[in-house]
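In this note's numbering, the protein residues as written are 1 to 220. In what follows, a structure is listed as structure tokens, so that the remarks can point back to it.
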């Protein structure tokens with residue numbers, strides 16, 4: 001059976017991600033120590049809240065180096081969700097300048113909504129909360145079987161800026177267009193919450209479980 005570690009970085013509802021993975025046929029232990037990653041076929045890094053506090057938790061527990069080793073050295077697939085997507089980047093300017101995991105060549109910066117208004121003429125505000133249409137690359141493994149321009153649920157004020165456009169799997173628009181998903185090598189991410197996004201989100205998580213199983217030769 002495919003085992004996907006759900007990393008506890010001290011922030012977020014880990015149980016909702018765990019339950020969805022279990023519903024899809026995977027074993028999904030919540031882990032907080034690097035040694036617990038050794039028997040896992042894939043990794044999910046979920047999270048909501050502050051970049052600085054999440055990275056501090058990962059650094060103090062040793063999970064930062066543990067995750068880097070499993071992903072870089074051992075080629076384990078990883079999926080970052082919401083804040084977890086941002087933690088994969090090189091750095092963030094949220095509440096100062098802070099280093100991330102550096103698993104993608106990208107930086108995290110605030111959404112720029114100052115000069116934008118919604119359909120009713122109201123100024124856009126932060127955070128960006130609610131359902132939004134996502135436009136995905138046709139060849140993205142994460143979005144296989146998901147109808148074009150499907151809606152996903154977002155909660156965020158910062159976004160990931162990729163240095164290589166090929167890293168991005170999908171985009172959405174809130175004021176300006178921003179990267180809403182990553183698909184590069186064995187690194188995947190979603191700025192939205194698939195576990196809160198009904199059938200499209202369930203399909204995205206199913207796709208990740210299946211690609212982990214295919215990469216590792218495990219079974220779901």
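Every residue, glycine too, gets a C-beta built ideally from N, C-alpha and C.
Residue 34 and residue 46 have their C-alpha atoms roughly 16 Å apart. Judged by DSSP secondary structure, residue 79 falls outside any alpha helix (DSSP H) and instead within the beta strand (DSSP E) spanning 78 to 81. Judged by pairs of C-beta atoms under 8 Å, the stretch 165 to 175 does not touch the stretch 55 to 72, as fewer than three such pairs exist.
Taking all protein chains in view, the Cβ of residue 2 is crowded by 16 or more other Cβ atoms within 10 Å, so the residue is classified as buried.
By the neighbour-count criterion, in which a residue is buried when 16 or more other Cβ atoms sit within 10 angstroms of its Cβ, residue 76 is buried.
Relative to residue 149, the option among 157, 134, 162 whose CA is nearest is 134. Under the criterion of beta carbons closer than 8 Å, residue 110 and residue 180 do not qualify as touching, at roughly 16 Å.
The beta strand (DSSP E) runs lying completely inside the stretch 54 to 139 and spanning 3 residues or more are 78 to 81, 106 to 110, 128 to 133, given in chain order. The C-alpha of residue 42 lies about 30 Å from the C-alpha of residue 127. In the DSSP assignment, residue 151 is bridged to 133. With contacts defined as CB atoms closer than 8 Å, residue 87 and residue 188 fail to qualify as a contacting pair. Under the DSSP assignment, residue 208 falls outside any beta strand (DSSP E), being part of the alpha helix (DSSP H) whose first and last residues are 198 to 216. For residue 160, the secondary structure class from DSSP, reduced to helix, strand or coil, is strand.
Counting C-beta atoms within 10 angstroms of its own C-beta, residue 207 has 16 or more neighbours from the protein chains shown and is therefore classed as buried. Residue 17: member of the alpha helix (DSSP H) spanning 14 to 23, first to last residue. In its chain, beyond the 5 residues on either side, 169, 183 have a beta carbon closer than 6 Å to the beta carbon of residue 140.
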